[in-house]
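Chemist: The structure under discussion is supplied below as structure tokens; questions concerning it will follow.
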């Protein structure tokens with residue numbers, strides 16, 4: 001279909017013109033910025049020009065058209081390739097002035113493409129491998145949406161440009177393995193196979209047969225000349241029909257056209273300089289001044305940018321025929337259904353009545369069982385720890401190749417690939433992804449979690465076995481630094497609920513957080529319920545709140561999270577026996593607490609000395625306990641033993657907390 | 001050679017007996033602990049029995065014999081397989097009582113094998129994929145040592161048992177790609193190809209052809225019946241001779257012998273229970289009581305454990321012939337040569353005299369140029385950022401397949417694989433590995449960095465471009481949370497030097513730190529020298545120290561790290577103009593500062609209000625600035641623009657610091 005879409009306007013400019021327009025905008029912008037990466041846009045311009053001019057389904061006037069093809073620049077350092085195309089095809093955000101302001105403060109053209117910052121940028125890329133792995137999520141979301149809404153409304157491809165760096169990163173294996181397993185037939189990876197990386201020839205560090213590798217994961221593969229438009233077009237056309245994800249290795253020359261730089265690592269990451277630019281203008285027969293695009297070429301590109309308009313209109317008609325809410329659902333802007341709210345309220349009432357003594361991972365299982373049927377946008381999964389993370393809701397059917405009506409994904413032992421795929425599912429729109437692993441393995445997914453935070457997208461990580469409380473598996477599996485490490489990531493919500501109701505409230509916050517990812521840190525071990533308020537005020541949303549306030553003012557405030565709230569409560573009872581008045585504060589989410597009004601925060605923290613309790617390293621607890629307080633937690637790695645033994649041996653106990661409280665009070669004086 | 005090593009004692013017990021001894025120790029220990037993973041030891045017992053009885057070169061009486069074969073249990077949850085073998089072969093650490101104390105506090109048999117805790121455990125495993133990737137480092141170190149000391153002294157294999165989890169983790173791809181490229185012919189991976197993972201059949205989440213995948217990276221591959229001792233032996237024997245790394249996919253049955261658990265995920269991670277254990281005793285014809293090993297079987301195993309003794313003695317003889325220091329060098333206990341100290345002193349004098357205004361990554365380059373020739377144990381490398389990290393010393397030749405006399409490794413775009421390989425090189429002994437990437441990509445290598453810290457080994461990470469000071473590449477490449485996240489890892493030294501001399505001193509600390517890994521966080525941008533003391537006292541080793549102390553007492557103390565020390569110094573001059581007396585403290589290493597005596601710390605921190613300055617999120621800075629201080633840094637992600645613009649826009653400037661100082665003084669009162 002799309003080959004025929006090639007318009008008359010396109011034909012007025014040659015394919016070489018289209019590509020050279022990309023090349024020289026990249027060359028000129030990098031030169032003006034005195035910074036950037038010309039090599040990749042110059043090398044992949046021919047491939048990109050064929051893809052956009054002849055295949056990509058898009059409409060530059062509506063960057064968010066839900067049924068557009070997605071284009072992911074996994075090799076994000078080649079950002080000028082994308083910006084050049086966005087400008088040429090007429091995306092409103094990317095004017096010529098923005099191109100000239102490449103890599104400058106406040107421009108729409110930052111060094112690497114940034115999602116949410118520039119229309120037409122599907123995701124933030126730069127950290128290598130992320131684009132490819134996220135594209136698997138995009139492509140999977142397309143199939144999930146297709147299974148729900150049908151071919152007439154959901155039928156688009158995901159195209160990726162990836163370089164050697166993307167393919168050498170380990171995450172790429174998790175991604176291609178998952179994509180091959182699920183037979184994501186509408187995923188096409190264009191590999192910039194230029195045989196050069198930053199250190200020099202790729203032969204310095206790799207001897208992989210990439211085609212054989214992808215084939216081993218069930219992909220359709222081929223190698224082409226990346227400077228031959230016909231070969232490129234034939235490859236894309238044919239690979240769209242294989243029923244499998246496709247790798248097209250495009251043999252290209254990095255820095256194509258700059259005679260003394262091309263084919264070497266020198267073309268990668270530095271401006272070409274005046275002499276090489278002049279030479280490239282000669283070689284490529286592009287006599288135009290910097291940033292100047294001849295009218296015929298610009299018109300041709302603009303026609304490409306408008307080409308999808310009619311198709312988009314036809315799609316909108318089909319949508320309207322199927323119901324008013326469909327387009328919104330496809331965009332992922334579905335309002336949370338009323339049934340969800342009802343399910344939450346019912347579960348809350350039950351938790352309040354039953355006060356269950358269960359692990360927060362078990363409470364989370366009950367939350368999922370309750371909300372999954374009411375929230376069809378929810379797509380669950382686990383990195384092969386389903387029975388431990390308790391992430392599989394009763395109502396969920398597994399997703400498999402050819403069974404995309406399911407809503408639970410067996411991600412395999414691929415934490416990083418899972419996190420990236422979840423990013424893609426969220427970015428695609430229409431779904432709320434969540435996925436489980438052990439909290440200790442947050443380290444494996446960290447680059448993708450960071451990217452979700454940077455992009456500001458709703459992705460929910462369910463991370464169980466959140467402390468030494470996991471017991472016998474020992475220090476490799478016991479997170480001690482992970483709260484601090486995750487809290488350090490800006491724009492990420494880290495929840496550590498302390499009982500069943502807090503777990504439910506944390507889930508509510510995570511579902512409500514439309515512009516940031518969340519991590520739910522859940523216990524392996526049982527946590528006694530202390531909340532029984534059925535009124536429905538979400539206290540976790542306050543970040544921290546007073547659980548018990550002593551009569552007659554505070555002598556000390558005990559602040560704890562998760563499983564340690566119970567310890568704080570027990571300590572307060574020990575202290576009460578000595579007439580020491582201890583308030584207990586639960587602090588399930590530091591980030592949300594920091595966003596509360598100063599007055600509320602002061603009322604929670606109080607003026608008495610403060611003791612912090614968390615079975616983890618101190619991290620930023622000084623912020624809460626202050627100069628006169630103390631922190632009770634871990635000072636190093638954990639150990640292998642039953643959980644109760646570990647708490648005792650590491651001295652995270654009610655009596656240790658009470659001792660610390662007495663010390664703090666002695667130092668500061670009671671009542672202060 | 002080693003097939004002939006099969007002793008008479010071995011033959012008195014059948015191969016099945018040897019394997020069943022492993023199986024039942026694992027079954028009984030897990031049952032007693034009421035926790036653990038019987039499935040893998042039961043499935044791989046036949047393979048392990050053949051490997052240890054007929055091939056592995058080791059001597060249980062000397063677990064640290066440098067020329068021993070290394071055995072890496074990458075599937076670390078199967079720890080009882082290893083503990084059973086260590087006990088059976090007579091390693092002193094693992095008595096029957098320790099087996100009975102499996103997973104208990106203080107035992108030698110924790111849930112996952114822990115390096116440094118139990119003799120015979122070559123590395124800590126549990127986080128999947130790490131063992132396989134670290135084994136690449138072991139195997140590479142063997143080749144490096146071989147190139148330096150010859151076949152007579154260095155000639156050993158690295159064997160790995162890896163499961164589906166290890167092979168699904170992305171790090172495995174980085175590892176196998178690097179191993180294949182370097183043709184690490186003495187690396188043999190025994191894949192526990194049991195087609196089961198925790199969620200169920202591996203077909204739930206993967207369709208990879210693992211043999212084809214490894215073949216694509218240049219490995220020799222084959223599939224065998226993992227319960228057929230002859231097939232196992234033939235495979236190992238033949239694969240030792242291929243000149244390439246080898247994958248032997250051992251088709252096994254998880255939980256082999258437990259009739260109602262075997263071949264299912266139920267066998268993986270829970271005790272079998274009395275009924276299944278009784279049934280397994282019947283099926284496997286092992287009528288012995290729990291923990292009871294018949295004498296003939298134990299003798300056979302003990303003979304296997306002693307088999308390598310003569311070979312070790314002969315090796316020691318050959319060592320002595322080559323020089324007294326050789327064994328020590330092979331063990332990695334080389335004393336730091338005097339020439340190293342001289343090189344350091346000379347460079348220090350030059351830095352003190354020249355006061356260079358250079359980036360700390362450039363200073364680091366000069367350090368490497370100076371020390372690499374004097375410290376032959378140093379093995380450098382970079383994850384394809386050599387020209388940016390400046391990690392290649394002039395004297396270093398690249399390592400390549402067949403050129404193992406080199407000392408610089410082009411790790412490729414494989415940060416995680418690099419970090420794990422460095423762990424393996426350090427663990428093998430004889431070398432001090434360092435490797436470079438951008439600090440932002442510490443996230444990619446984090447699981448391996450954590451493992452190095454947990455194991456307590458000397459690995460040096462050179463992480464450049466350590467802040468928004470990297471400029472135009474933007475927020476994907478700008479670390480803001482990475483100091484906090486790395487400082488959160490116990491037993492890891494995080495250095496952020498502020499000028500050339502501090503960079504040199506940081507390198508010295510990292511080289512001296514024999515029992516912990518280091519991260520050197522280095523700037524892209526130039527940092528003016530402020531240190532010119534040539535006396536050689538290593539002030540970085542103090543963690544933090546006073547750079548300038550005002551006359552007449554302090555009104556405020558400005559504490560900064562790295563590139564922000566310059567800002568603090570400028571702020572102190574602004575304040576001095578108003579007669580505000582500001583001390584400036586450089587704090588290049590929080591961890592070392594925390595280890596200083598209380599009195600020293602108090603003298604550095606002072607009693608005046610404190611302002612912390614670091615171009616990063618606040619993290620644990622509250623600890624240093626206290627209730628009356630203030631932190632000047634980042635509150636979110638960075639942006640793409642020239643570095644100077646970013647510092648201005650994010651308000652990390654001398655005047656912002658001076659403002660904060662004035663505020664703090666106003667709140668606290670001058671002179672307090």
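Chains as they are written, first to last, in the UniProt record's numbering: chain A, 1 to 672; chain B, 1 to 672.
Glycine included, every Cβ here is placed at the ideal spot set by N, Cα and C.
Note that the coordinates shown come from a computational prediction; the quantities given were computed from them, not determined experimentally.
Give the DSSP bridge partners of residue 522 (chain A), in chain order.
Modeler: A:464
Chemist: Could you tell me which chain A residues have their CB closer than 9 Å to the CB of residue 220 (chain B), listed as they occur along the chain?
Modeler: Against chain A, a Cβ distance below 9 Å from residue 220 (chain B) picks out nothing, because the smallest value is about 14 Å.
Chemist: For residue 322 (chain B), count neighbouring C-beta atoms within 10 Å of its own C-beta (all shown protein chains included) and say buried if the count is 16 or more, exposed if not.
Modeler: Classification of residue 322 (chain B): exposed, given that the 10 Å Cβ count is below 16.
Chemist: Can you look up residue 197 (chain B) in the DSSP assignment and give me helix, strand or coil?
Modeler: strand
Chemist: Is residue 384 (chain B) closer than 7 Å to residue 197 (chain A) when the C-beta atoms are compared?
Modeler: yes
Chemist: State yes or no: is the beta carbon of residue 93 (chain A) nearer than 7 Å to at least one beta carbon in chain B?
Modeler: no
Chemist: Measuring CB to CB, does residue 453 (chain B) end up less than 7 Å from residue 423 (chain B)?
Modeler: no
Chemist: Roughly how many angstroms lie between the CA atoms of residue 533 (chain B) and residue 510 (chain B), to the nearest whole one?
Modeler: 20 Å
Chemist: Taking only three categories from DSSP, how would you classify residue 653 (chain B)?
Modeler: coil
Chemist: Could you tell me the alpha carbon to alpha carbon distance between residue 653 (chain B) and residue 528 (chain B), rounded to whole angstroms?
Modeler: 16 Å
Chemist: Can you tell me the Cβ-Cβ gap for residue 429 (chain A) and residue 330 (chain A), rounded? I've got them flagged as a contact below 8 Å.
Modeler: 7 Å between Cβ atoms; contact.
Chemist: For residue 294 (chain B), does the three-state DSSP call read helix, strand or coil?
Modeler: coil
Chemist: On the criterion of 16 or more Cβ atoms from any shown chain inside 10 Å, does residue 531 (chain B) qualify as buried, or is it exposed?
Modeler: buried
Chemist: Identify which residue in A:38, A:227, A:647, A:349 has its Cα closest to the Cα of residue 266 (chain A).
Modeler: A:38
Chemist: Taking the runs of the alpha helix (DSSP H) that are 4 residues or longer, which of them lie wholly in the segment 306-394 of chain A?
Modeler: 309-322, 326-331, 338-354, 360-371, 386-389
Chemist: Three-state secondary structure (DSSP) at residue 484 (chain B)?
Modeler: helix
Chemist: Just to confirm the assignment, what range does the alpha helix (DSSP H) spanning residue 220 (chain B) have?
Modeler: Careful: residue 220 (chain B) lies outside any alpha helix (DSSP H), inside the beta strand (DSSP E) at 220-225.
Chemist: Taking C-alpha atoms, which residue in B:407, B:503, B:295 lies nearest to residue 673 (chain B)?
Modeler: There is no way to answer for residue 673 (chain B), as the model of chain B reaches only from 1 to 672.
Chemist: Using the beta-carbon count (16 or more within 10 Å), is residue 313 (chain A) buried or exposed?
Modeler: exposed
Chemist: Which residues, in order along the segment 120-148 of chain B, keep a beta-carbon less than 7 Å from a beta-carbon of chain A?
Modeler: 124, 126, 127, 128
Chemist: With three or more C-beta pairs closer than 8 Å as the rule, is the segment 158-165 of chain A touching the segment 214-233 of chain A?
Modeler: Not touching, per the Cβ criterion.
Chemist: For residue 409 (chain A), which residues does DSSP report across the bridge?
Modeler: A:381
Chemist: Report, in whole angstroms, the separation of the C-beta atoms of residue 556 (chain B) and residue 643 (chain B), which I expect to be a contact under 8 Å.
Modeler: Not a contact, Cβ separation roughly 27 Å.
Chemist: Round the Cβ separation of residue 171 (chain B) and residue 246 (chain B) to the nearest angstrom and send it over; I've been treating them as touching at under 8 Å.
Modeler: Wrong, their Cβ atoms sit about 19 Å apart, outside the cutoff.
Chemist: For a contact defined as C-beta to C-beta under 9 Å, what are the partners of residue 439 (chain B) on chain A?
Modeler: Residues of chain A passing the Cβ test: none, with the nearest at roughly 12 Å.
Chemist: Report the start-end ranges of each beta strand (DSSP E) in the segment 198-275 of chain B that is 3 residues or longer and not cut off at the edges.
Modeler: 220-225, 246-251
Chemist: Quick check: what's the CA-CA separation for residue 99 (chain A) versus residue 397 (chain A)?
Modeler: Rounded to the nearest angstrom, the two C-alpha atoms are 47 Å apart.
Chemist: Applying the criterion that 16 or more other CB atoms from any shown protein chain within 10 Å of the CB defines a buried residue, is residue 598 (chain A) buried or exposed?
Modeler: exposed
Chemist: For the segment 61-132 of chain A, list the alpha helix (DSSP H) runs that are entirely contained and at least 4 residues long, ordered along the chain.
Modeler: 79-89, 96-100
Chemist: At the 7 Å Cβ level, is residue 466 (chain B) part of the contact set with chain A, yes or no?
Modeler: no
Chemist: Between residue 156 (chain B) and the rest of its own chain, which residues show a CB-CB distance below 8 Å, the 5 nearest in sequence each way excluded?
Modeler: 57, 67, 68, 69, 70, 142, 186
Chemist: Who are residue 630 (chain B)'s beta bridge partners in DSSP?
Modeler: B:611
Chemist: If we ignore side chains and look at the alpha-carbon of each, how far apart do residue 20 (chain B) and residue 543 (chain A) end up?
Modeler: 54 Å
Chemist: Based on the DSSP output, what are the partners of residue 473 (chain A) in its beta bridges?
Modeler: Beta-bridge pairing links residue 473 (chain A) to no other residue.
Chemist: Are the C-beta of residue 181 (chain B) and some C-beta of chain A separated by less than 7 Å?
Modeler: Yes, residue 181 (chain B) counts as interfacial toward chain A.
Chemist: Using only alpha-carbon positions, find the residue among B:615, B:356, B:76 that is nearest to residue 470 (chain B).
Modeler: In terms of Cα proximity to residue 470 (chain B), the closest of B:615, B:356, B:76 is B:615.
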